[in-house]
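Visitor: 141 is the number of the first residue of the sequence shown in the working numbering; add one for each residue after it.
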Amino acid sequence: MDRLIRDIPKAELHIHIEGSLEPELMFALAERNGISLPYRSVAEIRQAYQFENLQSFLDLYYAGANVLQTEQDFYDLTWAYLQRAAEDRVHHTEIFFDPQSHTDRGIAFETAYSGIQQALQDGKTRLGISSYLILCFLRHLSAESAMATLEQALPYRDQIPAVGLDSSELGHPPAKFKAVFDRARAEGFRTVAHAGEEAAEYIWEAIELLQVSRIDHGVRCIDDPRLVEYLIEHQIPLTVCPLSNTKLRVFDTMEQHNIKQLLDMGLCVTVNSDDPSYFGGYVVDNFRAIQTALHLDEQDIYQLAKNSFQATFLEQEEKQALLDQLERFVSKAG
Ligand code: ADE
Ligand code: ZN
Numbered sequence: 141m142d143r144l145i146r147d148i149p150k151a152e153l154h155i156h157i158e159g160s161l162e163p164e165l166m167f168a169l170a171e172r173n174g175i176s177l178p179y180r181s182v183a184e185i186r187q188a189y190q191f192e193n194l195q196s197f198l199d200l201y202y203a204g205a206n207v208l209q210t211e212q213d214f215y216d217l218t219w220a221y222l223q224r225a226a227e228d229r230v231h232h233t234e235i236f237f238d239p240q241s242h243t244d245r246g247i248a249f250e251t252a253y254s255g256i257q258q259a260l261q262d263g264k265t266r267l268g269i270s271s272y273l274i275l276c277f278l279r280h281l282s283a284e285s286a287m288a289t290l291e292q293a294l295p296y297r298d299q300i301p302a303v304g305l306d307s308s309e310l311g312h313p314p315a316k317f318k319a320v321f322d323r324a325r326a327e328g329f330r331t332v333a334h335a336g337e338e339a340a341e342y343i344w345e346a347i348e349l350l351q352v353s354r355i356d357h358g359v360r361c362i363d364d365p366r367l368v369e370y371l372i373e374h375q376i377p378l379t380v381c382p383l384s385n386t387k388l389r390v391f392d393t394m395e396q397h398n399i400k401q402l403l404d405m406g407l408c409v410t411v412n413s414d415d416p417s418y419f420g421g422y423v424v425d426n427f428r429a430i431q432t433a434l435h436l437d438e439q440d441i442y443q444l445a446k447n448s449f450q451a452t453f454l455e456q457e458e459k460q461a462l463l464d465q466l467e468r469f470v471s472k473a474g
């Protein structure tokens, strides 16, 4: 089972690149850029990663991102993630980045974008991982700031197929960003949004007002039977992040996580790492954690991998090629 989980071809669809900043790299970049950190060692950073809720995590996550200054920093960050993803047999990844957490502290949009993009290109040629970049708006900032960020992204529209919404959920409903998302769709972007990490009602809003193709997290949908039915009928994927959900106390224990229940009900759920450096694991670690706690069988693992490809923004032909590759893997393994 352990081997199957590692080797099965998979896609990752919910990973914040800033959340893959490992303490070792944080330290190295702080030194390189002459930035002082409130920690004396890598161990001290890891020790600080005890979260009570989403906000207590976000405070450290934004503070950590301050060490990212140059294009090379963004390249190194992204390259480190891609190497790790290759070990986890991630064949395709759709990566979030938060431009506002950089532009707000004087780092140009292009600096972050170019460093990440260059690493993604190298990921394709050197590691065989295909990837898309998804621009996330920070929902605790204004709609005007989001609109200005969207405008900065327009020249790169071909390399950024979708926009999303992240950061502090409560008090910042999808409705706040309706005009931004209307404009994004008019410009040809697809849309996703974090919703239902803390509140089920924001999932409906994300679907109805932002017309999202996927819901990031979405696990609180279980509180609304009509919503569950809708998600099943329309096969709207949920990008679920089990280790994140337990670290941020969405579920008290992994045994209480509802991903298996949602999978059995026929929802298109996928497994992802969210912020792997902060939540204690990459995508394979997330698969292993739920397999152990929820007693997933091989068919469950196969279905989760299949969902991950189904839920991508790839063109149908590329998607089918990955699904075929998965089929070949499964028939060989079986
Ligand atoms: N930004 C990074 N990780 C996030 C999460 N899990 N929820 C909301 N915003 C985020
Ligand atoms: Zn997230």
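Even glycine gets a Cβ: it sits at the ideal position worked out from N, Cα and C.
(1) Taking 8 Å as the cut-off, does the stretch 324-343 touch the stretch 403-411 (at least 3 CB pairs, one atom from each stretch)?
(2) To test your reading of the DSSP string, which unbroken beta strand (DSSP E) runs of 3 or more residues are found completely within the stretch 221-281?
(3) May I ask you to report which of helix, strand or coil DSSP gives Glu348?
(4) Would the beta-carbon of Asp414 be found less than 7 Å away from any heavy atom of the ligand ZN?
(5) Any chance the stretch 226-238 sits against the stretch 150-161, with 3 or more Cβ pairs inside 8 Å?
(6) Roughly how many angstroms lie between the CA atoms of Leu182 and Leu194, to the nearest whole one?
(7) Just to check, is the beta-carbon of Ser241 closer than 7 Å to a non-hydrogen atom of the ligand ADE?
(8) Assign Asn173 to buried or exposed, taking buried as 16 or more other Cβ atoms, counted over all protein chains shown, within 10 Å of its Cβ.
(9) Going by DSSP, what residue range makes up the alpha helix (DSSP H) through Leu383?
(10) Count the other CB atoms within 10 Å of the CB of Gln187; is the residue buried (16 or more) or exposed (fewer)?
(11) Would you give the residue range spanned by the alpha helix (DSSP H) that Lys400 belongs to?
(12) Thinking C-alpha only, which one of Phe237, Arg266, Gln223, Ser270 is nearest Ile290?
(13) Does the beta carbon of Phe249 sit closer than 8 Å to a beta carbon anywhere in chain B?
(14) Note the first and the last residue of the continuous alpha helix (DSSP H) segment covering Ile376.
(15) Decide if Ile256 is buried, meaning its Cβ has at least 16 other Cβ atoms within 10 Å, or exposed.
(16) For Asn385, which residues in the same chain have their Cβ closer than 7 Å to its Cβ, ignoring the five residues on either side in sequence?
(17) For Asp147 and Ser282, what's the separation of their Cα atoms in angstroms?
(18) Please classify Ile300: does DSSP put it in a helix, a strand, or coil?
(19) Classify Met141: buried if its beta carbon has 16 or more other beta carbons within 10 angstroms, exposed otherwise.
(20) Please determine, among Pro382, Leu278, Ile362, the residue with the shortest C-alpha to C-alpha distance to Leu402.
(21) For Ala451, which three-state DSSP category applies?
(22) Quick one: does the C-beta of His156 sit closer than 7 Å to a heavy atom of the ligand ZN?
(23) What's the gap between the Cα of Gly328 and the Cα of Arg297?
(24) Looking at the ligand ADP, does it come within less than 7 Å of Val424, judged from the CB to the closest heavy atom?
(25) Sorry if obvious, but does the Cβ on His435 come closer than 7 Å to a heavy atom of the ligand ZN?
(26) In the DSSP assignment, the alpha helix (DSSP H) including Leu165 goes from what residue to what residue?
(27) According to DSSP, Arg354 sits in a beta bridge with which residue or residues?
(28) Going by C-alpha to C-alpha distance, which of Glu348, Leu222, Glu457 sits closest to Thr265?
(29) Let me make sure I understand the geometry here. Which of Ser417, Val424, Leu454, Phe453 has the alpha-carbon closest to that of Pro163?
(30) With a cut-off of 8 Å on the beta carbons, I'd call Val352 and Ile274 a contact; round off their distance for me.
(31) Does the beta-carbon distance from Leu144 to Glu438 come in below 8 Å?
Guide: The answer reads as follows:
(1) By the Cβ criterion, the stretch 403-411 is not in contact with the stretch 324-343, since fewer than three pairs of Cβ atoms, one from each stretch, lie closer than 8 Å.
(2) Within the stretch 221-281, the complete beta strand (DSSP E) runs of at least 3 residues are 230-237, 270-278.
(3) Here residue 348 corresponds to residue number 208 of the sequence shown, with the count starting at 1. Collapsing the DSSP output to three states places Glu348 in a helix.
(4) The count along the sequence shown starts at 1 and reaches residue 414 at position 274. Yes, the ligand ZN has a heavy atom inside 7 Å of this Cβ.
(5) Verdict: yes, contact present.
(6) Stepping through the sequence shown from its first residue, residue 182 is reached at position 42. Stepping through the sequence shown from its first residue, residue 194 is reached at position 54. The question names Leu, but residue 182 in the sequence shown is Val. Distance between the alpha carbons of Val182 and Leu194: 22 Å.
(7) The residue labelled residue 241 in the question sits at position 101 within the sequence shown. Within the chosen limit of 7 Å, the ligand ADE does not reach the beta carbon of Ser241 with any heavy atom.
(8) The sequence position of residue 173 within the sequence shown is 33, counting from 1. By the neighbour-count rule (16 or more Cβ atoms within 10 Å), Asn173 is not buried but exposed.
(9) Counted from its first residue, the sequence shown places residue 383 at position 243. Membership of Leu383 in the alpha helix (DSSP H) is indicated by the continuous run 382-387.
(10) As a working note, residue 187 is residue 47 in the sequence shown. In summary, Gln187 is exposed, with fewer than 16 beta-carbon neighbours lying within 10 Å of its beta-carbon over all protein chains present.
(11) Against the sequence shown, residue 400 aligns to sequence position 260. Secondary structure note for Lys400: its alpha helix (DSSP H) is the uninterrupted segment 399-405.
(12) In the sequence shown, residue 290 corresponds to position 150, counting from 1. In the sequence on display, residue 290 carries Leu and not Ile. Residue Phe237 is the option with its Cα nearest to Leu290.
(13) Within the model displayed, chain B is absent; a lone protein chain is all it includes.
(14) Within the sequence shown, residue 376 is the residue found at index 236, counting from 1. Membership of Ile376 in any alpha helix (DSSP H) is not indicated, and neither H nor E is assigned to it by DSSP.
(15) Taking the sequence shown and counting its residues from 1, the one referred to as residue 256 is at position 116. Classification for Ile256: buried.
(16) The residue given as residue 385 occupies position 245 in the sequence shown. Scanning its chain for C-beta atoms nearer than 7 Å, with the 5 sequence neighbours on each side dropped, one finds around Asn385 the residues Val359, Phe391, His397, in chain order.
(17) As a working mapping, residue 147 is identified with position 7 in the sequence shown. As a working mapping, residue 282 is identified with position 142 in the sequence shown. Distance between Asp147 and Ser282, taken at the CA atoms: about 43 Å.
(18) In the sequence shown, residue 300 corresponds to position 160, counting from 1. Coil at Ile300, not helix or strand.
(19) On the sequence shown, position 1 is the one that residue 141 refers to. Classification for Met141: exposed.
(20) Position 262 of the sequence shown holds residue 402. By alpha-carbon distance to Leu402, the top candidate from Pro382, Leu278, Ile362 is Ile362.
(21) Taking the first residue of the sequence shown as position 1, residue 451 is located at position 311. DSSP places Ala451 in coil when its eight states are reduced to three.
(22) Here residue 156 is taken as the residue at index 16 of the sequence shown, counted from 1. Within the cutoff, so yes.
(23) For the purposes of this step, residue 328 is taken as the residue at position 188 of the sequence shown. For the purposes of this step, residue 297 is taken as the residue at position 157 of the sequence shown. Between Gly328 and Arg297, the alpha-carbon positions lie close to 8 Å from each other.
(24) Absence of the ligand ADP is noted for the structure shown, with the ligand ADE and the ligand ZN being the only ligands found.
(25) What you label residue 435 is simply residue 295 of the sequence shown in a count that begins at 1. The answer is no for His435.
(26) Position 25 of the sequence shown, counting from 1, holds the residue named residue 165. Residues 163-173.
(27) For this step, residue 354 is matched to residue 214 along the sequence shown. Val332, per the DSSP bridge assignment.
(28) As a first step, residue 265 is located in the sequence shown; it is residue number 125 there, counting from the start. Of all alpha-carbon atoms in Glu348, Leu222, Glu457, the one lying nearest the alpha-carbon of Thr265 is that of Leu222.
(29) The residue given as residue 163 occupies position 23 in the sequence shown. Pro163 has its Cα closest to that of Ser417, out of Ser417, Val424, Leu454, Phe453.
(30) In the sequence shown, counting from the first residue as 1, residue 352 sits at position 212. In the sequence shown, counting from the first residue as 1, residue 274 sits at position 134. In this structure Val352 does not touch Ile274 by the C-beta definition: roughly 11 Å separates them, more than the 8 Å allowed.
(31) Here residue 144 refers to the residue found at position 4 of the sequence shown. Here residue 438 refers to the residue found at position 298 of the sequence shown. Going by C-beta atoms, Leu144 is nearer than 8 Å to Glu438.
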